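In what follows, a structure is listed as C-alpha cells, so that the remarks can point back to it.
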Amino acid sequence: MIRMAYNLTQLNGPAIMFLQKAYTKLCLQVDKTGKIPVKNIIKTFATNKDDRRRVEKALDVSGLPSGKGDTLALTKFQFEDFFNLYKNLSQRTEVEKVYDELVGTSKRRLMSTSQLVDFLNKTQRDPRLNEILHPYANTARARDLIQEYEPNKFNAQKGQLSFDGFLRYLMSEDNPIMAASKLDLTDDMDQPMAHYFINSSHNTYLTGHQLTGKSSVEIYRQSLLAGCRCVELDFWNGRTEEPVIVHGYTFVPEICAKDVLEAIAETAFKTSEFPVILSFENHCNPRQQAKIANYCREIFGDMLLDRPLDSHPLESNVELPPPALLKRKIIIKNKKKHHHHHHHHHKKGTVVSSPQQQPPTVGGTVVNNVSNNSTAANAHATTVNNSSANSTAINTPTTNTSTGVTPAVNNNSTNAAYSSRSKMNLTVTSPAPAIPVPVSNNNGTAAAPPPAPAATTQQATGNGELPHHAPPLQQIRQSSKESTGSSDTDSSSDDESMPGTVVGPIGANEADKVPQTKETEAGAEISALVNYVQPVHFSSFENSEKKARFYEMSSFDEKQATTLLKERPIEFVNYNKHQLSRVYPAGTRFDSSNFMPQLFWNAGCQLVALNYQTLDLAMQLNLGIFEYNHRCGYLLKPEFMRRKDRRLDPFAESTVDGIIAGTVMVTVISGQFLTDKKVGTYVEVDMFGLPADTVRKKFRTKIVRDNGINPVYDEEPFVFKKVVLPELASIRIAAYEEGGKLIGHRVLPVIGLCPGYRHLTLRTEVGQPIPLATLFLCIVVKDYVPDGLSDFAEALANPIKYQSEQEKRSKQLAVLQEDMEPSEEDSCPNKKGDTLKSSENNTTTSPARQRSVAGANQSSQGAGGTGGAAESDAEREAPLEAITKMVALPVAQSSSVDHPNVPASKQSTAREPTTAGGGPIITTTTNTSSLSATGDAGNHPDGGKITADPLEKIFEDKQIRKKREALEKELKALKKSHDKEKLKIHAAQKSTDLGGDAPVKKSKFGMGNKLVKRFSSKNMADMNVKIPPCASASDADVTGDAQTERLRQICRDHAGSYREVLEKYHEIIYTLAEDLLRQSQDAQMKQLKTQLERETSEVMRQLQLSRKSEVKQLAMVHKDKDELERMKREVDSTLVEKGVTERVRLTATYERKRDELQRQHDTVKQGLEDHKLKARSMLEKEAESHAFISDTFLAHLNTSNSTTSCSSVGATTNHPPATSVSSGNICGAAAGATHENNVNNAHA
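Residues 503 to 1746 (the numbering used here) are what the sequence shown spells out, left to right.
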C-alpha cells in the first residue's frame, strides 16, 4: 500500500492518465441501476452555475444526455466518449493552432510521417542530448507513435496523424515534461556522504507553532515516508523516569521518546533504503541517557550503526562512507564523550580550570557552582549550592577526571547564561544574601525569578544525580537552544549559547525548576553510539581544514550561515566538500516559517533543515527538489561542488569554468481545469538557483477572468537568458487565483527539462496531484550563446548548412551586382605592385588589423601603395582611442591648408574602399549610430569628464560615409557616361577633319572607330587615350560647327545632372548628420545621469559600510543595551546628515556638468548648421559661375575628417581658382606626380 501511495510514476503521470482516473472514478459512482448519473459528470468538471452550463453544452455537442436527472449506461460511455467530452469542453484551440502550423494548408488536415519526424527532432528534442546515446527520431519511431495514438485505424495504416491523435500524443507518457531518468535512482550513491544534499527536518515533533503548537509521533512517520533522512529529537528528563521529547520552556506538550523511536523504526526505510540520521538534542541526566541508548539498541537492532565501518575508520583525512554502504542504517548524531581531550591535572590545594569552565559573577558575587570530584566509574557530578548568608564560599570548579571537562551544572541543570570569557582559576565570594536575579531569555525580556531558597544543602541520591525532569509549562517560555539561533549542540558551544545573561543563587528547593537551555554532558552509553556524525563547535575553516576530521560536523542557524556565506563563500563551499554542515531556522521564527533552502544549497550545505509542518514556498521547493532521484532523500551535488581541484563562488555572475551556461524559455499557452470557481487566474514562472540565476516575481501572465476551465494566456516567452549553473537551478511554475491564492504548482530541475510542447500537471502545496489541472507550455532549452555570436554558434553547430546558405546568398546577390562591380582600373592605378600589395593585405593580417582584432574584435585592414610609409608612421603614432575603435582618421582638407605643397593623397593615413580586390583597403570604423551611447561609456569608466562629440566624429559615422560613397559612385558614373559621349564626338570630328572619302589610317594595334564605343575608364588608362576637354563658349565662337555645338550641349546637360545629384545628397547627408548628432547628445545626457546615479549609489554603500563598522566597534565597547541603542541612533543621525550632504554635492556637480555639456552641444549644433549653409552657398556659387560644378563642394563635405579617396579633393591654395581636378576622376596623382589620365577641365 505504501509503495502504491508513494509511486513516483503515478505521481508524475501524464495528463491523459489523470483523465483515465477521472473516468474510472465516474464509472465506480453508479446508481442502483448500474448507470452513471449525469450530475456526477457535471460535478467532476464544474461547481458554479456558468461552468455547469458549459458542461451541459459540451455534453450536447458530444451526443450525450445533459439533463440533471439523466443517466448514462456504462456501455454507452466509453473512455473515447469521455475524451471527446473533455475535448469539446476544453476546446483546445491553441493546440489546433500548433497542429495547423505543422501540417500546413492541406485539405484533409492530416500530419504525415515525415512531418511528425521533423516535429519530434526539431521541436520536441533536447539539443543537449548526445546523438549516439539518444538518436534522432526516425520514420519507424513516428509510425509507432501514430499506431499508438491515432484513433482512426484507417489513418494509422496510411501513416497519418489526425488532430485527435496529435492531442493524445501531447498528453501521453511519451511526451513528459521531465526526463523519466530524473525520477529513477540515477545518481551515483558511492560518493562520500558529504557529497550529497540530504533531506532534513527541524524540530520534527512539532505540528505547528514553536511555542504554542502541539507535538506528534505521527509526524515522524509522515516525514520519513516523504523522503526525509534527518529528523530531530529533543530529549528531556521525564517525570516517571522515562525520557520524553518536548520543546523546552514552551507550552508544547511532551510525547514519549520510546514511541518516537518505535515510529522511526517502523517507517525509516519504507520509501528509501538509504541511511537516516537522528539528530539528538539531549537534556537528560546520565541515567535517562543510558535508557535512551538501550532503547536505540533494542528497537533499532541491526539497523543501528553503533560502530564505524572497517573500510572507513574515524581518522583524519578519511572521507565519510557513501550512502550505498550504509543502506538501512540509522546514524546517531549526539555529543560525543571524548577521553583524549583531558589536559587538566589536579594538584593539592589548587584547581586548574579552562576558560570555558568559569562561573559567572553577579554584582561581585560569584554564582556558586561547585562540582564534586567523582571517580571515573560513575562519571557524575554533584552540585552543592550553599547560600548561607553568614558563610564565605570558595568556589573551586574541579575537572572531571574521566572526561577532562568541568560540567557547569547548577542543581543538575546546565545554565546557558554562564559566560565562557572568564579566565579566573579561583574566586572568593563575599558574604551576601541569596537575592534572586531575573534570568534573561532570548526574547530580551526578564523571566520571573523563583522564590527565595532556604539555606539548605541538597544531598546526592542514588548514583549521585538529582531528580531532573522536563520543565513545567508554567515556567519560563523560552525556545530551546537551536531554536534561538545559538551554536551547535556540542560541548564547545554550550557555554556560549546565551552570553551576557546573568543568574542569581538558586536554592535547593527549586532544583527541579531551574531552566536548562543547553545539553548535558554525554553519557558513556549514548556516546558509544556516535560515530560518523559528531557535532563540534565551529571555530574556523582553517582549523577544520587543518584537523581534517571529516566525521565532525557543525550546525549553524540561518543567520550564522548567512554571515559565513557572505564573508567566506568559497571557503564555505570547500568546507562542505568533506564535512557535513547543518543549517536550521532562526529562533525568531516562532510561527515555524522557513528560510529559502536554495541559499545554502548554493554553498553545498548538506543538511538544510526545515519546519516540515509549514508548507510555505521554501518547503514546497524542498519537497519538489527531493522528489527526484527516486525520492531517496539524497541528491548528488554537482561535480564542481565535490572535486578538490574545482573552485566555485556561489555569487558568480559569469560562466563558471568548465560549466556550460544555459538558456531557458517558457511560454505559458493555456490552462485546463485549474479551478471550479468563477475567478480569474494567472501563472507565474520563477527560477531558483545561484543569486545570478534566481528570478522571482518577474514573469507573470495576464489575468484571464472568470474562466477556470480553459484559460488561454498565449503570452510572449519568459526568457531566462543566462543560467550560469543549470545543475543547481530549478523552475517553479505556479497557477494562482487573481486574489493571490495558490491553485497548484510544480518544481522542475532545469537539468531535466524536456523542450517542446508539453502538458504540466499541477500539485498541491503538500505535493499531491490535482486531478485534471494542467498547463500547456512551450519550453525551449539550449546552451547559452552571448549576444552577437548566435550566427557563429549556428555555423559551428551545422557548418555544411551554414556554408550552403552563404553560397546561396552569394548567388542571389550576384544577380544584383552583375553590372555594378567596380574593376581594378577604377581605383588608383598607381603601380601594379601596389595593387598586388593591397590584395595581399586582404588575405594576410596587417599590423593595424592585428591590433584591432586584439582590442575590439572588429576588422581593420591597412592599405598598401605609395602612402605605405606614412601609414606605418601613423599607425605607430595613432592614439589609443583610434586603435580601440579601429579607425585611422585622415586629415584631408585641414592638412591641405596647413601644408599646401604636399598633395592630399600623401597626407592621408587611410584609403577609401574598393569592392574589387585591386584597390587600397579602408580601415573600417565602428557603427556609431548611437555614437556616444556605447563609445563614450567605455571612455569614461570611472565617471570622467564627458565632452560633446565634435562635428568631425559625426561625419565619421558609417552611415554618412556610405552616403558619401554613394554620391561619389553616382558622380563617377555620370563622368564615365559623359566621357564616352565626348569620345564619340571627338572621333566623329576627327574623321570629318580627315575628309569624308579619305581612307582612315589604321593604327598599328588595328583599332578603328568601331571599337571606340567599347572604351571605358578601365581600359582607357591602359591604352593611354586622352579624353577631350569640354567645349567652352570661345570654342563655339571660333569654330561654330555642329560637332562643337553638340559637345557644348552634352557638357551643359552633364553639368545639370551633376548639380542635381549634389543637391539631392546635400539634403540627405545633412539630415542624417542632424539625426546622428541628436542621438549622440541624448546618449551623453543619459550617460551623465547614469554617472550621477552610480556615484550616489557608491557613496551610500560606503556610508553603510561605515555604519556597520562603527556599530561593531560600539558593540564591543558598550555592554549596556540601552546605551548601545542610543549610540546607534547617534551614528545613524550622523550618517543621514553625511548622506544628505553628499547627495546635495553630487547633484550640484551633476547640474554644473549638465549645463557645461549643454553649452558644448549647442556649439556643435551651430557648427553643423554653419557647415550646412556654407556647403549650400558653395553649391549655388558654383552653379552661377560655372557650367560645371567643381570639386569644391565635395571637398567641403570632407572638411570634417570623415573619409577621403586616394585623390586630392578640392583645389589647394597654390592652384588657380578657375581650375580643379575633375570630380569624375576619383584617382589623383600619387606622390605628387600627375597621371596622364587626369584632365583638368577649365571652366569659363
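All residues carry an ideal CB built from backbone N, CA and C; glycine is no exception. Quantities reported herein were computed from a predicted structural model and do not represent experimental measurements.
- Asp1481 and Asp1664 have their alpha carbons spaced roughly 45 Å apart.
- Each residue's CA atom was taken as its position, placing Lys1465 and Gln1583 some 22 Å apart.
- The three-state secondary structure of Glu675, taken from DSSP, is coil.
- Counting along the chain, the unbroken beta strand (DSSP E) around Asp1059 starts and ends at 1054 to 1059.
- Taking C-beta atoms as the reference points, Val532 and Pro567 fail to come closer than 7 Å.
- Here Ala1120 is not near His704, since their CB atoms are 7 Å or more apart.
- Three or more Cβ pairs drawn from the stretch 1164 to 1180 and the stretch 1201 to 1216 lie within less than 8 Å of each other, which places the two stretches in contact.
- Relative to the Cα of His1080, the nearest Cα in the group Val733, Met1055, Leu1125 belongs to Met1055.
- Short of 7 Å from the beta carbon of Asp1118, and not among the five residues preceding or following it, lie these beta carbons of its own chain, in chain order: Ser1095, Asn1096.
- With contacts defined as CB atoms closer than 7 Å, Tyr1184 and Tyr1238 qualify as a contacting pair.
- When DSSP states are grouped into helix, strand and coil, Thr573 belongs to the strand group.
- Here Tyr638 is exposed: its Cβ has fewer than 16 other Cβ atoms, across all protein chains shown, within 10 Å.
- Counting of Cβ neighbours within 10 angstroms places Asn787 among the buried residues, the total reaching 16 or more.
- Gln649 has its alpha-carbon roughly 8 Å from the corresponding atom of Lys655.
- Taking a 10 Å sphere around the C-beta of Lys831, we find 16 or more other C-beta atoms and assign the residue as buried.
- According to DSSP, residue pairing for His1247 in a beta bridge involves Ala1236, Arg1265.
- Rounded to whole angstroms, the Cβ separation of Val746 and Ala759 is 6 Å, and the two are in contact under 8 Å.
- By the Cβ rule, the stretch 1673 to 1684 does not count as touching the stretch 1639 to 1658, because fewer than three pairs are nearer than 8 Å.
- In the three-state scheme derived from DSSP, where H, G and I count as helix and E and B as strand, Lys835 is classed as strand.
- At the C-beta level, Glu1218 and Arg1202 stay beyond 7 Å of one another.
- Rounded to the nearest angstrom, the gap between the Cα atoms of Asn640 and Tyr1086 is 51 Å.
- By the 16-neighbour rule on beta-carbons within 10 angstroms, Asn796 is exposed.
- Around the beta-carbon of Ala517, 16 or more other beta-carbon atoms lie within 10 Å, marking it buried.
- Between Ala548 and Gln522, the alpha-carbon positions lie close to 18 Å from each other.
- Distance from the CA atom of Gln626 to the CA atom of Thr1169, rounded to whole angstroms, is 14 Å.
- Val748 sits in coil when the DSSP states are folded into three classes, being neither helix nor strand.
- Residue environment for Leu635: exposed (fewer than 16 other C-beta atoms within 10 angstroms of its C-beta).
- DSSP, read as helix, strand or coil, puts Ser664 in coil.
- Around Lys716, the same chain offers Leu708, Thr709, Gly710, Val754, Pro755 as residues with beta carbons nearer than 8 Å, after the five sequence neighbours per side are excluded.
- For Asp736, the closest of Leu780, Phe1142, Leu1066, Gln1581 by C-alpha to C-alpha distance is Leu780.
- Membership of Phe753 in any beta strand (DSSP E) is not indicated, and neither H nor E is assigned to it by DSSP.
- Rounded to whole angstroms, the gap between the alpha carbons of Tyr508 and Arg611 is 42 Å.
- Inter-residue distance for Phe1040 and Tyr1053 is about 13 Å (C-alpha atoms, whole angstroms).
- Looking at the backbone, the Cα of Lys1655 and that of Glu1632 are separated by about 35 Å.
- Across the structure, Lys599 and Phe621 are spaced so that their CA atoms are roughly 14 Å apart.
- The alpha-carbon separation between Asn1033 and Asp1093 amounts to approximately 34 Å.
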